[in-house]
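Residue numbers (the numbering used here), protein chains in the order written: chain A, 4 to 370; chain B, 1164 to 1511; chain C, -1 to 131.
Notes for the one structure printed next.
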Amino acid sequence: MSIEKTEELILNMGPQHPSMHGLFRMVVHLEGEKITKLEPKIGYLHRGIEKLAESRTYAQFIPYTDRLDYLASPHNNWAYVQTVEKLMGLVIPERAEYLRVIFGELARIASHQVCIASTALDMAGWSAWSYAFRDRERILDMYEMTAGSRLTVNIMRIGGISAEPPAEFWPALKAFLDDTPEMIEEYNGIFFGNEIAQGRMKNVGILSKELAENLSITGPVLRASGVNYDVRKAEPYSIYDRFDFKVPVRTGCDSYDRTIIRLDEIVESIKIIKQAMRDIPEGPIMTKVPKVIKPPAGEVYHRVENPKGELGFYIVSDGTTKPARVRIRPATFINLQMLPIVALGWKIQDVIAIFATLDAVLGEVDK
Amino acid sequence: MDALNNVFVNIAHAIRGLFPDPTSVWANLTMDVINFIIVVVIVVLAALILILLERKIAGWTSQRTGPNRLGPRGWFQTIADALKLMGKEDVTPAGADKFIFKIAPMIIFSLPMMTLAVIPYGKGMAPLDLDLGIFYFVAISSISTLAFVMAGWGSNNKYSLLGAMRAVAQMVSYEIPLLFSLLGVVMITQSFNLGAIVEAQGSIPFIILQPLAFVIFIIAGMAELNRAPFDLVEADQEVVAGPFTEYTGLRWGLFFLGEYGNMTAMSALGATVFLGGWQGPGFLPGYVWFFMKVGVIIFFMMWARWTFPRIRIDHLMHLAWKVLLPLSLLNILLTGLGIYIYRLVMGG
Amino acid sequence: MFGKGLLQGLGITFKRMVGPNITEFYPEEKPKLPTRVRSSMGLDKSKCISCNMCAMACPNGVIKLTSEKDENNKKMLKSYQMDVGRCLFCGLCVEACPTKALTVTQEYENAVYEPDELKWDMIKRAERKGKVG
Chain A
4 MSIEKTEELI
14 LNMGPQHPSM
24 HGLFRMVVHL
34 EGEKITKLEP
44 KIGYLHRGIE
54 KLAESRTYAQ
64 FIPYTDRLDY
74 LASPHNNWAY
84 VQTVEKLMGL
94 VIPERAEYLR
104 VIFGELARIA
114 SHQVCIASTA
124 LDMAGWSAWS
134 YAFRDRERIL
144 DMYEMTAGSR
154 LTVNIMRIGG
164 ISAEPPAEFW
174 PALKAFLDDT
184 PEMIEEYNGI
194 FFGNEIAQGR
204 MKNVGILSKE
214 LAENLSITGP
224 VLRASGVNYD
234 VRKAEPYSIY
244 DRFDFKVPVR
254 TGCDSYDRTI
264 IRLDEIVESI
274 KIIKQAMRDI
284 PEGPIMTKVP
294 KVIKPPAGEV
304 YHRVENPKGE
314 LGFYIVSDGT
324 TKPARVRIRP
334 ATFINLQMLP
344 IVALGWKIQD
354 VIAIFATLDA
364 VLGEVDK
Chain B
1164 MDALNNVFVN
1174 IAHAIRGLFP
1184 DPTSVWANLT
1194 MDVINFIIVV
1204 VIVVLAALIL
1214 ILLERKIAGW
1224 TSQRTGPNRL
1234 GPRGWFQTIA
1244 DALKLMGKED
1254 VTPAGADKFI
1264 FKIAPMIIFS
1274 LPMMTLAVIP
1284 YGKGMAPLDL
1294 DLGIFYFVAI
1304 SSISTLAFVM
1314 AGWGSNNKYS
1324 LLGAMRAVAQ
1334 MVSYEIPLLF
1344 SLLGVVMITQ
1354 SFNLGAIVEA
1364 QGSIPFIILQ
1374 PLAFVIFIIA
1384 GMAELNRAPF
1394 DLVEADQEVV
1404 AGPFTEYTGL
1414 RWGLFFLGEY
1424 GNMTAMSALG
1434 ATVFLGGWQG
1444 PGFLPGYVWF
1454 FMKVGVIIFF
1464 MMWARWTFPR
1474 IRIDHLMHLA
1484 WKVLLPLSLL
1494 NILLTGLGIY
1504 IYRLVMGG
Chain C
-1 MFGKGLLQGL
9 GITFKRMVGP
19 NITEFYPEEK
29 PKLPTRVRSS
39 MGLDKSKCIS
49 CNMCAMACPN
59 GVIKLTSEKD
69 ENNKKMLKSY
79 QMDVGRCLFC
89 GLCVEACPTK
99 ALTVTQEYEN
109 AVYEPDELKW
119 DMIKRAERKG
129 KVG
């Protein structure tokens, strides 16, 4: 007959916490160190971007889309711009399409580097974090010399791309691509091959295939649970049907696979960039667009493959210069549903690791 | 070189000689006070240098320079930090148990001073030459568990409580492999006295005779000190500084100085017991060799901190009870067998 | 064997420890930014035709300009204000300018102590000694 009387501890891992990937709050119910219930509370970064869209013209809204998933901003621009082009029925010049693919895949590499770095940092792997960020600086330098900004790049326009890359861009890109095998080996050596990190991540946070499909999870989180679904192959947009690349799929369903699949995706992105660099034609970078953009009335939905998952834009236009409604389908907000279910029964340390592998960017969750 | 080797012993003799009766109570008392001041100075200096060294090594592993603004190449950084900490507001949380809250940092800071007093820094240069050297060392260093629990409980904060619970589990579990790894050395030298252990390593240091014990000692030592990869107690990303969350200003500074002092003490024990203490080739005096050996062990601990991720708590327990404890028992068995066979071979 | 990954990790950090540093010592060595960096804006008054395209292109209403007609009935720029506190630094205004009067400059040390100093008078800024806009 047990005479212990233990109480449940309710711990608030609040918006100010050294590892919450943004302003995210979790209320966890603990029994010792095991989690019995987890409630995520979001909304600390809400800025009303969807409402702002109703009072800006179509071209003026592009800088606001940068701020959604601020770690991979070209993809947000791309999704929005392609939606408007679908509504207007525009055809983009070839050179602009190739340049968009190059910038998009560079952003994918940069975003995955941040995810690997933050996952390592949440387990106190300080060196792995600094190596990934040091390598990311080279991609940000390439953005700086083309578009003028490092984080919120504002590089896509309705009808093409904003500016032609300068002459020093192509040697810098080639030098970066030549250094990537060393970079990947370094990440493997310092983080993925480390037995302590493997012990923290293997068989932790199992997200089964059925649960992932039922919760409409997309992106690397889904592909680490064995489902082969990538928007670039399922519904190819832009010129992705011309490139030869594989979609990495792993069947482990645990945190380790969710993290190392991003390294596989970096390798695939490098292949795509090399093919694009080889095949890029000369030509204009912007098609003929009227000065005042007035798409015909109607509604359209278009989706792209963000580094985090499927990002979709749904625009309702009423024929004027400003949209009537813009709805953003954020990848991370829908992926975040798995956290209360998958985290049950694990310890606090595991929950931090599971949340890190989700790669949540709160700008996208809260809009 | 002999003069340089014995300079401190000669100074001690000279001071004793100033008294009319060199063995009187007053002479002993004076020598004890001077020894105490020396130990305090060593602890403070060690903490000062080590904090900066840690930041520099952290910078070098990430290809940065580390602090380099204050003083020549940044060597006054810690003094500036200490002055800054003294100027901060002293906040005690409402609802905290005031006595326990205030006394915990003082206990942590006094422990390295007590343990560093029995280490021989040179030939005949132990401030306190106890026959029970190792026993006293391990007993005193296990009080730090209590100090962490006091800090965690007295803060009236759930994060601190979690950190304190982890501290109890971790530090109590790792004391057993730590002690057992030292027992092999004690069996060979038949004495707990640290001076005798150093003398017994005249021909070969014990790291060659007891490699397994050295590895276990280093791992258990890092776990006792709450250094990464075993720093769950003060994990930044999970329990926001654990037991130290509510401490500000110089109280927090005392915790930090205590942690680095403990690190010096544990490395000093390792250097004495396994690496040969103050012995070394004659071109440098004994105490210089000693501090160099301590520096090697400390460098390894810092190097490991900035490389490895943090271990999970059930893996920590698994490592202590299911891996290190059987290995240390195996080490004792092999040492016993080795001594028996050695005695048989060398003839009764 | 168990521990191979750990030793490999130690090897990598040791190699970086003894290798070169990549720190930029900021106030002593100031970096030179590429020409397209959108860190600040500059106005060339002689080229401005007061067409108001920049103000219309801005998403946030940062630019306010006034003009007056001179003797030839041509528009002359009278005042040009940018409220940089509301600016997104997106560069849409620079792209919209037909005569390239508004350009981006590479000044990045723009921090001020009072919020009122964030309302830039671009004509006065262009006349500062030694600076480009």
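Even glycine gets a Cβ: it sits at the ideal position worked out from N, Cα and C.
Helix, strand or coil for residue i? Go by DSSP, reduced to three states.
| i | result |
| --- | --- |
| Gly131 (chain C) | Bear in mind that a pLDDT of 45 at Gly131 (chain C), under 50, signals an unreliable position, so the model cannot answer this. |
| Arg1329 (chain B) | helix |
| Leu347 (chain A) | coil |
| Thr1308 (chain B) | helix |
| Met4 (chain A) | Residue confidence is low: Met4 (chain A) scores 48 on pLDDT, short of 50, so the model does not pin down where it sits. Its coordinate-derived value is still stated next. Note: Met4 (chain A) maps to coil in three-state DSSP. |
| Tyr1423 (chain B) | helix |
| Lys62 (chain C) | strand |
| Leu41 (chain C) | strand |
| Phe358 (chain A) | helix |
| Thr103 (chain C) | strand |
| Gly301 (chain A) | strand |
| Met1288 (chain B) | coil |
| Met1509 (chain B) | coil |
| Arg1227 (chain B) | coil |
| Ser219 (chain A) | coil |
| Ser320 (chain A) | strand |
| Arg34 (chain C) | coil |
| Cys88 (chain C) | coil |
| Glu1362 (chain B) | helix |
| Ala131 (chain A) | helix |
| Cys56 (chain C) | coil |
| Val1457 (chain B) | helix |
| Thr1498 (chain B) | helix |
| Val1396 (chain B) | coil |
| Ser1430 (chain B) | helix |
| Leu8 (chain C) | helix |
What does DSSP give as the partner residues of residue i in its beta bridges?
| i | result |
| --- | --- |
| Asp119 (chain C) | C:Gln79 |
| Pro379 (chain A) | This structure leaves residue 379 (chain A) out entirely; chain A is present only between 4 and 370. |
| Ile164 (chain A) | A:Met159 |
| Gly402 (chain A) | Since the first and last residues shown for chain A are 4 and 370, residue 402 (chain A) lies out of range. |
| Met289 (chain A) | A:Gly163 |
| Ile13 (chain A) | A:His32 |
| Met74 (chain C) | C:Glu66 |
| Lys37 (chain A) | A:Glu34, A:Lys350 |
Cβ of residue i within 8 Å of any heavy atom in the ligand ATP?
| i | result |
| --- | --- |
| Ile161 (chain A) | Looking at this structure, you won't find the ligand ATP or any other ligand, since it has none at all. |
Note to self: Please list, in chain order, the residues of the region 83 to 100 of chain C that have any C-beta partner in chain A closer than 8 Å.
What the structure shows: Within the region 83 to 100 of chain C, the residues whose Cβ lies closer than 8 Å to any Cβ of chain A are, in chain order, Leu86, Phe87, Cys88, Gly89, Leu90, Glu93.
Next item on the list: Please determine if the region 313 to 326 of chain A and the region 56 to 75 of chain A are in contact, where contact requires at least 3 C-beta pairs separated by less than 8 Å.
Entry: Per the Cβ contact rule, the region 313 to 326 of chain A is in contact with the region 56 to 75 of chain A (3 or more Cβ pairs under 8 Å).
Margin query: Any C-beta of chain E within less than 7 Å: which residues of the region 1442 to 1471 of chain B qualify?
Written below: In the structure shown, chain E cannot be found, because the protein chains are A, B and C.
Check: Name the residues in the region 28 to 47 of chain C whose C-beta lies less than 9 Å from a C-beta of chain A; which are they?
Finding: Result list: Leu31, Pro32, Thr33, Arg34, Val35, Arg36, Ser37.
Note to self: What ranges does the alpha helix (DSSP H) occupy inside the region 60 to 91 of chain A, keeping only unbroken runs of at least 4 residues that lie completely in it?
What the structure shows: You should have 65 to 69, 76 to 91.
Check: Any residues in the region 1326 to 1346 of chain B with a beta carbon nearer than 7 Å to a beta carbon of chain A? Which ones, in chain order?
Finding: Closer than 7 Å at the C-beta level to chain A, one finds no residue of the region 1326 to 1346 of chain B.
Notebook entry, point to check: Hey, is the region 317 to 331 of chain A in contact with the region 41 to 61 of chain A, meaning 3+ C-beta pairs nearer than 8 Å?
Noted result: Segments in contact, yes.
Notebook entry, point to check: Just by C-beta distance, which residues in the region 1 to 20 of chain C are closer than 9 Å to chain B?
Noted result: In summary, the residues of the region 1 to 20 of chain C whose CB is separated from some CB of chain B by less than 9 Å are Leu4, Gly7, Leu8, Ile10, Thr11, Phe12, Arg14, Met15, Val16, Gly17, Pro18, Asn19, Ile20, in the order they occur in the chain.
Check: For the region 96 to 126 of chain A, which residues have a CB atom closer than 9 Å to at least one CB atom of chain B, in sequence order?
Finding: From the region 96 to 126 of chain A, only Ala123, Leu124, Asp125, Met126 have a Cβ closer than 9 Å to chain B.
Check: Going along the region 1374 to 1398 of chain B in order, which residues come within less than 9 Å of chain A, judged by CB to CB distance?
Finding: Residues of the region 1374 to 1398 of chain B with a C-beta less than 9 Å from any C-beta of chain A: Ala1391, Pro1392, Asp1394, Leu1395, Ala1398, listed in chain order.
Notebook entry, point to check: Which of the residues in the region 197 to 230 of chain A, read from start to end, lie with their CB under 8 Å from any CB of chain B?
Noted result: Result list: Asn197, Ile199, Ala200, Gly202, Arg203.
Next item on the list: Could I get the ranges of all uninterrupted beta strand (DSSP E) runs contained in the region 230 to 296 of chain A, with 3 residues as the minimum, in chain order?
Entry: If we require 3 residues or more, the region 230 to 296 of chain A turns out to have no beta strand (DSSP E) run fully inside it.
Notebook entry, point to check: Which residues, in order along the region 1212 to 1242 of chain B, keep a beta-carbon less than 9 Å from a beta-carbon of chain A?
Noted result: The residues in question are Ala1221, Thr1224, Ser1225, Gln1226, Arg1227.
Notebook entry, point to check: For the region 184 to 196 of chain A, which residues have a beta carbon sitting closer than 7 Å to at least one beta carbon of chain C?
Noted result: For the region 184 to 196 of chain A, the set of residues with a beta-carbon nearer than 7 Å to any beta-carbon of chain C comprises Glu189, Gly192, Ile193, Gly196, in chain order.
Margin query: When you compare the region 1290 to 1306 of chain B with the region 1270 to 1278 of chain B, are there three or more beta-carbon pairs, one atom per stretch, that lie closer than 8 Å?
Written below: With a cut-off of 8 Å on Cβ pairs, the region 1290 to 1306 of chain B is in contact with the region 1270 to 1278 of chain B, counting three or more such pairs.
Next item on the list: Note down, in chain order, all residues in the region 27 to 41 of chain A with a beta-carbon under 7 Å from any beta-carbon belonging to chain B.
Entry: From the region 27 to 41 of chain A, only Glu36 have a Cβ closer than 7 Å to chain B.
Next item on the list: Please go through the region 1201 to 1227 of chain B and give each complete beta strand (DSSP E) segment of 3 or more residues, from N-terminal end onward.
Entry: Scanning the region 1201 to 1227 of chain B from its first residue to its last, no whole beta strand (DSSP E) run of 3-plus residues comes out.
Margin query: I'd like to know if the region 259 to 277 of chain A and the region 108 to 122 of chain A are in contact, where contact means that at least 3 CB-CB pairs between them fall below 8 Å.
Written below: Counting Cβ pairs under 8 Å, three or more are found: they touch.
Check: Taking Cβ-Cβ distances below 9 Å as the criterion, which residues of the region 54 to 78 of chain A are in contact with chain C?
Finding: Contact residues of the region 54 to 78 of chain A toward chain C are Leu55, Arg59, Thr60, Ala62, Gln63, Phe64, Ile65, Pro66, Tyr67, Asp69, Arg70 (C-beta to C-beta distance below 9 Å).
Margin query: Could you tell me which whole alpha helix (DSSP H) segments of length 4 or greater appear in the region 169 to 211 of chain A?
Written below: Unbroken alpha helix (DSSP H) runs of no fewer than 4 residues, entirely contained in the region 169 to 211 of chain A, are found at 172 to 190, 198 to 204, following chain order.
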